[in-house]
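Here is the structure we will look at, set down as structure tokens.
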Amino acid sequence: VQFDSFHFLIFFSVVAAVFWAIPNRSRWILLLGASYYFYMCWEPPYALLLLASTVIDYSVGLLLGRVSDPRIRRRLIVPSLAANLGFLFYFKYYDFTARTINQCLGSALLAPMPFLLPAGISFYTFQTLSYTLDVYWKEQEPERHFGRFATFVAFFPHLVAGPIMRAGALIPQLRTFPPFDYSRVTDGLKLVGWGLFKKVVIADRLARIVDPVYAYPAGHSGFMLGLATVAFGYQIYCDFSGYSDIAIGISQVLGVNLVQNFRAPYHSRSLREFWTRWHISLSTWFRDYVYIPLGGNRVSAARWCVNILIVFGLSGMWHGANWTFALWGIYHGVLLIVGRFSARFWSALYRALGLTRSSSVALILDVVSTFLIVSVGWVFFRSANLTESVAVLRTIVTDWKSYLIIDSEILRLLRTYWSPADGAIMLVALSILEIGDWLQARFRFRSWLSERPVPIRWAAYYALACMLLFWGQFDGPPFIYFQF
Amino acid sequence: VLRLLVKLSLFFPLVLLMVAVNWTVDPARLFTRSAARTSGGYEGEILGDLLAGRPHRVRGEFNQRLVVEEIIRARPTIDVLVVGSSVGKPFHAELFPGQSMVNGAILNGDLEEAICVYELAWETGKRPKRVVLEMRGLSKILGRRTDPLVMGFEPVFDRALKRLKVAENADQRSVLANKTHKELAASFTVDHGLFYPYDNLISPRYLQMSLGVLFRSASREEIASRGLARDLYPEEQQHLLYRDGSMQWCQVLLDGRPDVLRGKPPGFDELEKGRTVESRYDLLETFMLEVLRSGSQMEIVLCPPIPWLFDAIRAEYQDAGKPAPAFEAEQTIRALAQSHNVPVFGSFDPHRTALSGADYVDYTHIRRESIGRLLRPAERERVEHGASRNDLR
Numbered sequence: 001v002q003f004d005s006f007h008f009l010i011f012f013s014v015v016a017a018v019f020w021a022i023p024n025r026s027r028w029i030l031l032l033g034a035s036y037y038f039y040m041c042w043e044p045p046y047a048l049l050l051l052a053s054t055v056i057d058y059s060v061g062l063l064l065g066r067v068s069d070p071r072i073r074r075r076l077i078v079p080s081l082a083a084n085l086g087f088l089f090y091f092k093y094y095d096f097t098a099r100t101i102n103q104c105l106g107s108a109l110l111a112p113m114p115f116l117l118p119a120g121i122s123f124y125t126f127q128t129l130s131y132t133l134d135v136y137w138k139e140q141e142p143e144r145h146f147g148r149f150a151t152f153v154a155f156f157p158h159l160v161a162g163p164i165m166r167a168g169a170l171i172p173q174l175r176t177f178p179p180f181d182y183s184r185v186t187d188g189l190k191l192v193g194w195g196l197f198k199k200v201v202i203a204d205r206l207a208r209i210v211d212p213v214y215a216y217p218a219g220h221s222g223f224m225l226g227l228a229t230v231a232f233g234y235q236i237y238c239d240f241s242g243y244s245d246i247a248i249g250i251s252q253v254l255g256v257n258l259v260q261n262f263r264a265p266y267h268s269r270s271l272r273e274f275w276t277r278w279h280i281s282l283s284t285w286f287r288d289y290v291y292i293p294l295g296g297n298r299v300s301a302a303r304w305c306v307n308i309l310i311v312f313g314l315s316g317m318w319h320g321a322n323w324t325f326a327l328w329g330i331y332h333g334v335l336l337i338v339g340r341f342s343a344r345f346w347s348a349l350y351r352a353l354g355l356t357r358s359s360s361v362a363l364i365l366d367v368v369s370t371f372l373i374v375s376v377g378w379v380f381f382r383s384a385n386l387t388e389s390v391a392v393l394r395t396i397v398t399d400w401k402s403y404l405i406i407d408s409e410i411l412r413l414l415r416t417y418w419s420p421a422d423g424a425i426m427l428v429a430l431s432i433l434e435i436g437d438w439l440q441a442r443f444r445f446r447s448w449l450s451e452r453p454v455p456i457r458w459a460a461y462y463a464l465a466c467m468l469l470f471w472g473q474f475d476g477p478p479f480i481y482f483q484f
Numbered sequence: 001v002l003r004l005l006v007k008l009s010l011f012f013p014l015v016l017l018m019v020a021v022n023w024t025v026d027p028a029r030l031f032t033r034s035a036a037r038t039s040g041g042y043e044g045e046i047l048g049d050l051l052a053g054r055p056h057r058v059r060g061e062f063n064q065r066l067v068v069e070e071i072i073r074a075r076p077t078i079d080v081l082v083v084g085s086s087v088g089k090p091f092h093a094e095l096f097p098g099q100s101m102v103n104g105a106i107l108n109g110d111l112e113e114a115i116c117v118y119e120l121a122w123e124t125g126k127r128p129k130r131v132v133l134e135m136r137g138l139s140k141i142l143g144r145r146t147d148p149l150v151m152g153f154e155p156v157f158d159r160a161l162k163r164l165k166v167a168e169n170a171d172q173r174s175v176l177a178n179k180t181h182k183e184l185a186a187s188f189t190v191d192h193g194l195f196y197p198y199d200n201l202i203s204p205r206y207l208q209m210s211l212g213v214l215f216r217s218a219s220r221e222e223i224a225s226r227g228l229a230r231d232l233y234p235e236e237q238q239h240l241l242y243r244d245g246s247m248q249w250c251q252v253l254l255d256g257r258p259d260v261l262r263g264k265p266p267g268f269d270e271l272e273k274g275r276t277v278e279s280r281y282d283l284l285e286t287f288m289l290e291v292l293r294s295g296s297q298m299e300i301v302l303c304p305p306i307p308w309l310f311d312a313i314r315a316e317y318q319d320a321g322k323p324a325p326a327f328e329a330e331q332t333i334r335a336l337a338q339s340h341n342v343p344v345f346g347s348f349d350p351h352r353t354a355l356s357g358a359d360y361v362d363y364t365h366i367r368r369e370s371i372g373r374l375l376r377p378a379e380r381e382r383v384e385h386g387a388s389r390n391d392l393r
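Top to bottom, those sequences are chains A and B.
The first sequence begins at 1 in this note's numbering and counts up one residue at a time.
The second sequence begins at 1 in this note's numbering and counts up one residue at a time.
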């Protein structure tokens with residue numbers, strides 16, 4: 001069930017209406033049933049996998065709560081880690097491993113996996129892993145109520161593409177739900193509207209230029225590849241942050257708060273800052289469960305570099321079983337390391353140019369350079385394989401003539417992918433996105449808008465609704481992060 | 001809660017406007033009664049042109065069964081009847097000189113529609129000397145069919161199944177005859193949702209379509225008088241339908257460069273649906289035997305997808321260590337054809353035909369000027385196997 005489908009509209013309306021109509025103590029049952037229905041709409045048998053993961057982590061959590069001997073505790077956590085990581089490996093990485101081994105051996109030794117990748121497996125596996133590790137580290141009390149624990153794992157708004165929630169943040173909210181709060185519900189609905197705008201107006205329209213160019217990069221000029229790469233940067237941001245906004249919004253309507261997943265990442269002044277604003281729930285997961293256990297930054301410089309590369313390499317591979325994702329992660333890791341050791345150089349350069357960090361020129365330089373660095377990384381993320389990503393980068397850099405002379409072929413291609421109306425809509429929509437993100441960061445725009453007089457507020461709401469109706473691409477591709 | 005409901009109801013005028021536009025404009029004729037659903041008499045205009053010998057620019061949806069049936073009825077005799085899907089639509093009379101040829105290929109059609117068109121010919125008393133069955137290599141081929149029959153063909157298919165005794169002769173055929181309809185009905189419901197077609201009243205996609213049609217129309221009166229379904233397509237998207245039932249593709253397709261502008265190949269799961277199932281294999285064999293028994297010749301033309309797409313699919317299957325469904329289907333079809341001495345033209349492998357990427361208007365549809373090349377190698381092959389050239393002509 002896609003969030004931007006008619007089916008979901010009906011499903012969610014019914015769930016929300018019943019949720020507020022039934023007693024507080026029964027609401028988790030409704031959410032659990034709705035979550036399994038939501039998941040089974042896609043591929044019913046895979047609900048068993050979700051259930052198996054739930055049962056294993058629930059049981060291990062309970063046992064860990066009863067045992068204090070560190071040796072036994074260590075033995076107890078092994079089944080949970082093995083099961084979760086085993087499922088993840090088999091469904092997500094087995095084909096990749098088999099293909100790599102077959103290619104190395106030049107034979108078809110290992111057969112391909114016959115199953116589809118279960119939706120959201122990376123997300124719910126990381127969520128249940130975090131629960132077990134928190135219980136193991138005694139940072140979280142084991143949840144004794146199986147139904148509530150199952151609801152925590154399967155909670156439908158964030159089940160297939162996050163945000164990845166920690167047990168300590170979500171389970172207490174599932175014990176007692178707050179009373180109906182008009183402001184909270186309307187704030188949630190506004191967030192859903194904003195998320196839909198990002199997804200159906202921006203991301204799906206950008207897909208129409210990104211997909212054909214990246215389907216056949218060899219047939220496109222440097223200008224077209226550069227344009228498609230920048231477009232992909234915005235597409236994936238709007239697609240994923242749009243999903244997160246909808247997930248957070250619908251949870252808010254149901255009285256549950258999810259963590260923020262994006263904070264205008266393309267307004268970052270450095271790559272380090274970018275990673276505090278992009279897919280925050282995953283970044284903090286890797287920080288807490290991989291980076292800090294590896295020693296964090298309280299280690300030697302050389303060890304820190306290795307830790308960063310491990311974390312970002314794993315983070316890349318988490319996204320997909322392909323070397324392109326690993327390279328994307330390592331690219332970010334390397335640049336973070338370079339950024340740390342070159343910080344003094346950049347400060348000195350700015351001083352030499354007579355710029356202070358707080359000046360507008362420095363701000364623009366920082367934001368643009370960070371955006372370009374991130375955009376280069378998207379080439380690895382979006383390309384089908386390493387050879388293709390290198391070829392794309394080479395064309396973007398060497399085919400400089402195509403940037404200077406927009407010839408008839410480029411115009412013809414642009415017209416094929418986008419009509420002039422598409423271009424105009426995109427310019428308006430991206431301006432709204434950037435201004436909206438800036439206003440939200442600066443002035444908490446949505447709260448500010450809620451306090452305006454009715455005509456102003458409703459003009460804004462109607463404008464958003466009209467843009468969705470008239471500009472939305474309701475037959476667009478599914479959310480990009482569903483495949484992870 | 002009441003306050004929330006009141007506030008939400010303030011969006012009601014927008015919803016009401018959408019419902020009103022979708023209901024009034026209704027570009028796909030979803031909300032008119034089924035008898036008038038297709039085109040409000042547009043078929044008459046098409047047939048008027050075709051029977052007078054003029055090609056017709058297709059401006060909107062029409063009932064293909066009615067048009068094909070009338071084309072067949074209007075011919076005193078039929079020498080060559082081409083049946084199949086949209087890929088076969090460019091087969092034209094010049095490829096069969098001196099013969100009365102009717103192209104009964106159906107847009108969005110498949111084997112079942114091909115059988116229906118043959119059935120229509122049979123019902124109107126026509127016995128074609130040759131039946132040319134076009135099969136395309138980028139579809140379910142002989143895999144399980146889940147999409148519904150093209151509208152208007154349901155009763156013909158029922159009659160064909162009864163006449164061919166598909167329902168009486170074998171269990172599998174019984175499954176096909178009875179279950180297909182249920183499956184089709186189920187898939188129709190699944191495809192369109194529980195509230196179809198009324199869910200389209202609040203569909204933004206349908207609203208955008210309605211507004212697009214409205215902006216293209218000169219005035220409200222014109223909409224009312226002409227009916228919108230037949231003026232659905234802008235000029236550059238209008239195919240040209242000829243009196244023999246063949247088609248020339250619209251300008252948008254003719255200007256397309258699918259060899260350069262490559263899209264994403266269909267996914268593995270989609271292609272896997274092309275694996276041959278027994279019931280459809282039986283249906284093909286039954287059809288083949290029926291044609292041969294009635295004294296007609298039968299020929300099969302295998303139409304390949306564009307070479308780069310074929311190569312991508314082949315590479316994907318090679319990586320996966322599996323045979324591609326199209327390869328399996330071609331072997332099956334060739335073996336079946338050989339056992340009944342039916343010649344097979346073309347191949348699902350474009351490299352085994354005389355076609356290149358430039359011969360396509362999109363990933364599967366071949367240019368009218370090029371489609372005849374599919375017949376040539378097979379013609380030579382047939383001649384080499386001892387059949388006279390006149391047999392083919």
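Built from N, CA and C at the ideal position, the CB exists for glycine as well.
Here the structure is a predicted model, which is why all the values come from computation and not from measurement.
Quick one: grab the DSSP three-state call for residue i.
i                      : result
residue 104 of chain B : coil
residue 112 of chain B : helix
residue 134 of chain B : strand
residue 84 of chain B  : coil
residue 360 of chain B : strand
residue 57 of chain B  : strand
For chain B, find out if any of its Cβ atoms is closer than 9 Å to the Cβ of residue i; answer yes or no.
i                      : result
residue 461 of chain A : yes
residue 448 of chain A : no
residue 102 of chain A : yes
residue 111 of chain A : yes
residue 474 of chain A : yes
residue 41 of chain A  : no
If residue i and residue j are in contact, beta carbons under 8 Å, what's the gap, nearest whole angstrom?
i                      : j                      : result
residue 134 of chain B : residue 87 of chain B  : 6 Å
residue 367 of chain B : residue 50 of chain B  : That pair is no contact at about 22 Å.
residue 375 of chain B : residue 138 of chain B : Incorrect: roughly 20 Å between the Cβ atoms, too far for contact.
residue 205 of chain A : residue 426 of chain A : 6 Å
residue 141 of chain B : residue 329 of chain B : 4 Å
residue 448 of chain A : residue 377 of chain A : Not a contact, Cβ separation roughly 34 Å.
Check whether chain A comes within 9 Å of residue i, counting only Cβ atoms and requiring the distance to be less than that.
i                      : result
residue 348 of chain B : no
residue 10 of chain B  : yes
residue 18 of chain B  : yes
residue 14 of chain B  : yes
residue 330 of chain B : no
residue 199 of chain B : yes
residue 186 of chain B : Its pLDDT being 39, under 50, residue 186 of chain B is placed unreliably by the model, and the measurement read from it follows with that caveat. For residue 186 of chain B, the answer is no, since every Cβ of chain A falls outside 9 Å of its Cβ.
Name the chain C residues whose beta carbon is nearer than 9 Å to that of residue i?
i                      : result
residue 470 of chain A : Annotation note: the requested chain C is absent from the structure, which comprises protein chains A and B.
Which bits of chain B does residue i rub up against, with CB to CB less than 7 Å?
i                     : result
residue 99 of chain A : 319
Determine the chain A residues that contact residue i at a beta-carbon separation under 8 Å, and present them in chain order.
i                      : result
residue 3 of chain B   : 182
residue 7 of chain B   : 186
residue 311 of chain B : Ordered by position in chain A, no residue passes the 8 Å Cβ test against residue 311 of chain B, which lies about 12 Å from the chain.
Quick one: which chain B residues come within Cβ less than 9 Å of residue i?
i                      : result
residue 11 of chain A  : Per Cβ cutoff of 9 Å: no residues; residue 11 of chain A is ~12 Å from chain B at best.
residue 108 of chain A : 321
residue 20 of chain A  : 1
Interface residues of chain B around residue i at Cβ under 8 Å?
i                      : result
residue 458 of chain A : 10
(request) At 4 residues or longer, and completely inside the stretch 240-303 of chain B: list those alpha helix (DSSP H) runs for me, N to C. (result) 251-255, 268-272, 278-293
(request) Counting only runs of 4+ residues fully inside the stretch 284-339 of chain A, write out the alpha helix (DSSP H) ranges in chain order. (result) 301-319
(request) Within the stretch 41-104 of chain A, note down every full beta strand (DSSP E) run reaching 3 residues or more, in order along the chain. (result) none
(message) Could you tell me which whole beta strand (DSSP E) segments of length 3 or greater appear in the stretch 388-432 of chain A?
(response) none
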